[in-house]
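Down below is the structure, laid out as structure tokens.
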Amino acid sequence: MTGADPVGLYRTVRLIRRFEQRAIDLVRAGQIVGGIHPYLGQEGIAAGVCAALRPTDLVTGTHRGHGHVLAKGADPARTMAELCGRETGLNRGRGGSMHAADLSVGVLGANAIVGAAGAILTGAVWAHRRRGDDVVGATFFGDGAVNEGMLLEAFNLAALWRVPVLFVCENNGYATTMPVAGAVAGTITGRAAAFDMPATVVDGQDPEAVHAVAAAAVARIRAGGGPELVEAQTYRFDAHHTFEHVVRLDYRPPEEVAAGRARDPVDIQGDRLAPHRRAQVDAEVEATVDAAVAFALAGPEPDPAGALDHLYASGLTARAGGGQG
Amino acid sequence: MTGADPVGLYRTVRLIRRFEQRAIDLVRAGQIVGGIHPYLGQEGIAAGVCAALRPTDLVTGTHRGHGHVLAKGADPARTMAELCGRETGLNRGRGGSMHAADLSVGVLGANAIVGAAGAILTGAVWAHRRRGDDVVGATFFGDGAVNEGMLLEAFNLAALWRVPVLFVCENNGYATTMPVAGAVAGTITGRAAAFDMPATVVDGQDPEAVHAVAAAAVARIRAGGGPELVEAQTYRFDAHHTFEHVVRLDYRPPEEVAAGRARDPVDIQGDRLAPHRRAQVDAEVEATVDAAVAFALAGPEPDPAGALDHLYASGLTARAGGGQG
Amino acid sequence: MRLSYRRALTRALADELARDESVFLLGEDVRVGASMITSGLCRRFGPERVRDTPLSEQAFTSFATGAALAGMRPVVEFQIPSLLFLVFEQIVNHAHKFPLMTGGQCAVPVTYLVPGSGSRTGWAGQHSDHPYPLFAHVGIVTAVPATPADAYGLLVSAIRHDDPVVVFAPAGALDVREDVERLAPVPFGRGVVRRAGDDVTVVAVGHLVHDALAVADELAGQVSVEVFDPRTVYPFDLDGLLASVTRTGRLVVCDDANRSCGIAAEIITSVVERVRLAVPPRRVTRPDGAVLPFAPGLDRAVQPGREALTAAIHHVAKDPT
Amino acid sequence: MRLSYRRALTRALADELARDESVFLLGEDVRVGASMITSGLCRRFGPERVRDTPLSEQAFTSFATGAALAGMRPVVEFQIPSLLFLVFEQIVNHAHKFPLMTGGQCAVPVTYLVPGSGSRTGWAGQHSDHPYPLFAHVGIVTAVPATPADAYGLLVSAIRHDDPVVVFAPAGALDVREDVERLAPVPFGRGVVRRAGDDVTVVAVGHLVHDALAVADELAGQVSVEVFDPRTVYPFDLDGLLASVTRTGRLVVCDDANRSCGIAAEIITSVVERVRLAVPPRRVTRPDGAVLPFAPGLDRAVQPGREALTAAIHHVAKDPT
Ligand SMILES: Cc1ncc(C[n+]2csc(CCOP(=O)(O)OP(=O)(O)O)c2C)c(N)n1
Ligand SMILES: Cc1ncc(C[n+]2csc(CCOP(=O)(O)OP(=O)(O)O)c2C)c(N)n1
Ligand SMILES: [Mg+2]
Ligand SMILES: [Mg+2]
């Protein structure tokens, strides 16, 4: 791996930040139905990890998945269109925030089920390797996911079969309202050790630190060293889900939130750029995000007649459910 | 805990041994339908662990479960009747080998689903504790089960909530035909460490060694020290299931089988008794097992009219399935 | 008393927690009450009886089974209907089977509560299932209350019941409010005629009861529609329905699950095994194998709606005998 | 060629492994072939393509999903039907939903093979399920072959199919042998009349096809029974069945799953939505909520059998029009 590209990392964290903020606006405006799980505050993780990957490498995201999708290279405009449920979206408006996928850039999808994606990614990477493709995979998940048996089974399978996967735990301290200490007996890295996987803890608020750790791990993994885990310690700046903007849930002390927000990955990385360079990137990002929103809102809504399009890849057609018998 | 009772331990391992051998005879004779998973060779584990428990303590067994049921104090005659599908069986013939249960002696049942019982036992023990009962629980499972996510979730829950449970892994080297090394990344004890549970490895062929380790662990657990794991290393002397007596599966080298069989828990414990004492116990056990077989075979088969008895504890009745519309 | 569906569920939980020490709640974010159902209960009953769990659905579902075996009456809340897929083995293979397999040595009184089942607009494919027919198939008591009073009464009955019970609280019903005089347990397997009529019997499940009533009102004068709400889909009140359908001779079933092997099929078959209908019955359901697409217009298109129900009623009513 | 059902499955796997490099097997003890289906395949195709897995059903099922997303065609063997409960989420919420949710970006061609579904006498409650209606409900292609030729042909079609397919190989059919001329893929949704008759149409699923044929033979002279084998329960060959039932006007469905919301309900409803039967149809199934007790006599009593089928046929045949 080459060293970090400070500008590139900044561009990505800034893009995710502004994308999320604009998406929240669109939730408020009723243009994104169902709300989103904002990635605000955690941008450095997706940015740092994906910068360590190649375009042909594979990733899976989470319910809090826009950052992963964008960092891996999906078009922001089509991603925003997907959130708005438009025909022009990545998934033709069929997936929405929690299922945004772009297989053409190696994004096997955000996944709304906590802990479910790890084994899927492991299988996909294994299949590519069997064909001789030199890919690795990175699967993102939260601190809540390390208590899901299905993810722990995936740790075992990947480790046992030495599938080249980087397991990336975004430890933001909470699973919805549940603090890590109330949910995780032992430690997150101890979960990896149990399956003989090396594990590294990194400051998730520092994009370059994440990148350095991920790049080193990916290099070892690609060289055949077997899967690894990275625990990126981070903080969620906003709500678990935008419904919290409407309904107040009381579970994080205000001082904690303030302290968490003080270490902002966008600023940490931005401060590494010359001010004019940073301003330049900000302007580029702003233009990109403006265009993304415009593209999204201009896209047509899908025709209800196609509601069951792609239900079966085989072309099997399902009987409709209406009163037609 | 008091020290081991050498005669008691011997009686238990000998009882399980002879019970299993007679059960295999009954399989061959067509009196036990569906076959069994013989516990031969692993007797020292159930005997040692259950000797460290009180009558009010709880256990769950496995598909290879007769040893657990007997060691915890179920009546051998009613257990054998259960295997033979008789109305006089522990479960009125409704459960059979893989589901034999006797709640009156704290056996919540053998369980045919690998890895499933740990969380059930954890919940049951927790419930008793909430009521103020000073019970602990022991849940048995094989080396195969440590790769089941549901069991690993149970480790986490028990450790997190400090539920007084002893997790007993019977590592007999294989899950059916799969060797441990082909299935377990990392180690079995490492699975416990991941959840901050103390773990001890013990020679499962030595009933007194098992008892010593289990008694110490149970004492700590009962005193509020939180759950622990014991890995008892053992060897299965016979088939995974009696169907292997009919269909030869080739997966264990003969030398390995010979070496495994050389360390017989019945002899290891038996050699600690004076020969006449041993002979005395053997005779007692023989009488018990003879009586069990006789009792089992004399029991009536359940009346098919009661096939759905107990389907609902609430007394709800199900529509029958026959042609009666 | 004006009662919302949500508050009715909260009230049922509170009343049972107060009444019976063996009742406790288990689930994700139940202390804070992220689902808006358990709000306030932790303050009143404490964190031991309103237990937040790690994200370990399989383990906590089986933990509830064990606690029930030991005499407790757990209520397990699931945040998403499809989490029931994740614990299907734990419910069907263990909780449901223990009484028979042990020859009657035990009972497993657990309630599984799913607040917001079916489509919550915009939550897309993995959050919008309505899998009550799966539980009717395996034979687990399954309630789908339509009204606040029934939400209260069926949840209370579930908690007091000696076998596992799944309670689906459809997202489409959570905002329903009604004036309730008396809160009381509602028995299982006892449906209710929500609106009397002579021409066509419409069986509607859960939130669709309200759609059926609206359609019936709209059609008043043209077709006299009787609306039957089964309240529990398993056991199903066949006698109650037969009383209606033997009068009307015409049957439409409207439910929000997939069509194939759904509850509509079960209801229609149970009827035609016993009664000759005047005209062929109709189903208004989700399509076979439905996956709900994200875009709101697509999501709606996949759900059974008033238009399809109206069309089916017209069709059945017009059909010459 | 004399072929057993078991060997037909082995042959299908071998042929597809040989034909297509992207096919591979995954499961517990598949190398040694503990199920007696995969025996010999590891020797021929190697342990990379006949992959033994740890006891991690959820992970290896999702591993197959991922491999399929990446262009492979995994066949996953399950040793027990109820293991499908354990991986229900992985199949229904992921493998089944990916094509629609991604807007058509992918396909998930996985085959789930359950050799020995239904009761294997003496394996009791947790090993004796026959949950094909669950998959028909969620809309996953579900095959239940009755004969060796169909076992071969449906398994081959499953492996070549671009969506997930579950193949149930009933324990009650594994020992069937027949003379087969030509082995060929069998299309989905195409049933077959196994025996022609004029008075009553009997739809029988899986191993019960053989019972239905035996009963039909016994009744020959008294009642002329047509036996229809749907081969796949989803999709279901409704046109094929309607061709039969419009002639006979009488319908009995015999299947080995639970009654409520089962495939028998689906079949009967689909028919009565379209066709007026001469007399009420009948189901011969497991009871509602069935759990198979261990004792052989009890186990048998819970399964649909020839006596019940005979009674149902008599009832339907006698019933005055
Ligand atoms: C298996 C599963 N259980 C529960 C949920 C509901 N849910 C969605 S996000 C979430 C919290 C996830 O926490 P974590 O893994 O820490 O990720 P974070 O939200 O903090 O990014 C929960 C409980 C789910 N989607 N899937
Ligand atoms: C969840 C689950 N998967 C698979 C099976 C089939 N099965 C029964 S026993 C067994 C092997 C179990 O191995 P282990 O846990 O080591 O116990 P042992 O048989 O060696 O005592 C398997 C695969 C099952 N019963 N449950
Ligand atoms: Mg988190
Ligand atoms: Mg073993």
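Chains as they are written, first to last, in the working numbering: chain A, 277 to 601; chain B, 277 to 601; chain C, 78 to 398; chain D, 78 to 398.
The beta carbon of each residue, even a glycine, is placed where N, CA and C say it ideally should be.
| Item | Value |
| --- | --- |
| Relative to chain C, which residues along the segment 403-436 of chain B have a C-beta separation below 8 Å, given in chain order? | A403, H404, R406, R407, G425, M426, E429, A430, N432, L433 and L436 |
| Just checking A451 (chain A) against ligand 3 - is the residue's beta carbon closer than 8 Å to any of the ligand's heavy atoms? | yes |
| Taking 8 Å as the cut-off, is the CB of A128 (chain C) close to at least one heavy atom of ligand 1? | Per the sequence shown, residue 128 (chain C) should be read as Arg rather than Ala. Result no, Cβ not under 8 Å from ligand 1. |
| Determine the DSSP secondary structure at C326 (chain A), reduced to helix, strand or coil. | helix |
| Name the DSSP beta bridge partners of M454 (chain B), please? | B:A451 |
| Please report the straight-line C-alpha distance between A85 (chain C) and A91 (chain C), rounded to a whole angstrom. | 10 Å |
| Taking P158 (chain C) and L433 (chain B) to be in contact with their CB atoms under 8 Å, please state how far apart those CB atoms are, rounded to whole angstroms. | Rounded, the Cβ-Cβ distance is 23 Å, inconsistent with contact. |
| If contact is defined by three or more beta carbon pairs under 8 Å, each pair taking one atom from either stretch, is the segment 371-386 of chain C in contact with the segment 361-372 of chain A? | yes |
| At least one CB of chain G closer than 9 Å to the CB of A495 (chain B): is that the case? | No chain G appears in this structure, whose protein chains are A, B, C and D. |
| Hey, is G343 (chain A) close to ligand 3, as in C-beta under 8 Å from one of its heavy atoms? | no |
| Our contact map puts V330 (chain D) next to V280 (chain D) with C-beta atoms below 8 Å; I'd like the distance itself, whole angstroms only. | 5 Å |
| Should Q481 (chain A) be listed as close to ligand 1, given that the test is whether its C-beta is under 8 Å from any heavy atom? | no |
| Would you list the residues sitting across from N335 (chain C) in a DSSP beta bridge? | C:R363 |
| The beta strand (DSSP E) that contains Y189 (chain C), what's its start and end? | T188 to S194 |
| Are at least three pairs of beta-carbons, each pair with one atom in the segment 163-176 of chain C and one in the segment 114-121 of chain C, less than 8 Å apart? | no |
| Give me, in chain order, the residues of the same chain whose beta-carbon lies closer than 6 Å to that of H516 (chain A); leave out the 5 immediate sequence neighbours on both sides. | T452 |
| Count the other C-beta atoms from every protein chain shown that fall within 10 angstroms of the C-beta of T510 (chain B), then say buried if there are 16 or more, exposed otherwise. | buried |
| Would you mind giving the Cβ-Cβ distance between R548 (chain B) and F513 (chain B), rounded to the nearest angstrom? I have them listed as a contact below 8 Å. | With 8 Å as the limit, R548 (chain B) and F513 (chain B) do not qualify as a contact, their Cβ atoms being about 20 Å apart. |
| Between L32 (chain C) and ligand 1, is there a pair consisting of the residue's CB and a ligand heavy atom that are separated by less than 8 Å? | Given that chain C is displayed from residue 78 to residue 398, the structure contains no residue 32 (chain C) and the question cannot be resolved. |
| Relative to the C-alpha of V383 (chain B), which candidate in B:C360, B:A395, B:V345 and B:L584 has its C-alpha closest? | B:V345 |
| Determine the chain D residues that contact H521 (chain B) at a beta-carbon separation under 9 Å, and present them in chain order. | Here the premise fails: no neighbours, minimum Cβ distance about 14 Å. |
| Ignore the nearest five residues each way along the sequence and tell me which others in F471 (chain B)'s own chain have a CB closer than 6 Å to its CB. | F431, N432 and A435 |
| Identify every run of the alpha helix (DSSP H) within the segment 515-558 of chain B, keeping only runs that are complete inside it and at least 4 residues long; order them along the chain. | 530-538 and 541-546 |
| Using 8 Å as the threshold, is the segment 528-543 of chain A in touch with the segment 303-322 of chain A, meaning 3 or more CB pairs across them? | yes |
| Is the separation between the beta-carbon of R324 (chain D) and that of D275 (chain D) shorter than 9 Å? | yes |
| Take the Cβ of A377 (chain B) as the centre, count every other Cβ of all protein chains shown within 10 Å, and call the residue buried at 16 or more, exposed below. | buried |
| Taking L102 (chain D) as the reference, give the member of D:I236, D:G180 and D:V322 with the closest Cα. | D:I236 |
| List the residues that DSSP assigns as beta-bridge partners of P151 (chain D). | D:F101 |
| Less than 6 Å between C-beta atoms, sequence neighbours within five positions excluded: which residues of the same chain meet that for P247 (chain C)? | S194, G195, G283 and H284 |
| Identify the residues that DSSP records as bridge partners of D301 (chain A): which are they? | Note: D301 (chain A) sits in no beta bridge, so no partner. |
| For the segment 347-366 of chain B against the segment 566-584 of chain B, do three or more pairs of beta-carbon atoms, one drawn from each stretch, fall closer than 8 Å, so that the two count as touching? | yes |
| Would V368 (chain C) and M178 (chain D) be called neighbours here (beta carbons separated by less than 9 Å)? | yes |
| For my contact list, F155 (chain C) and G199 (chain C) are in at a C-beta cut-off of 8 Å; report their separation, rounded to the angstrom. | F155 (chain C) to G199 (chain C), Cβ: 19 Å. No contact. |
| Whose CA, out of B:V303, B:D409 and B:A491, lies closest to the CA of V506 (chain B)? | B:A491 |
| For ligand 3, any of its heavy atoms closer than 8 Å to the Cβ of E424 (chain A)? | no |
| Taking only beta-carbon atoms, is V302 (chain C) less than 9 Å away from chain D? | no |
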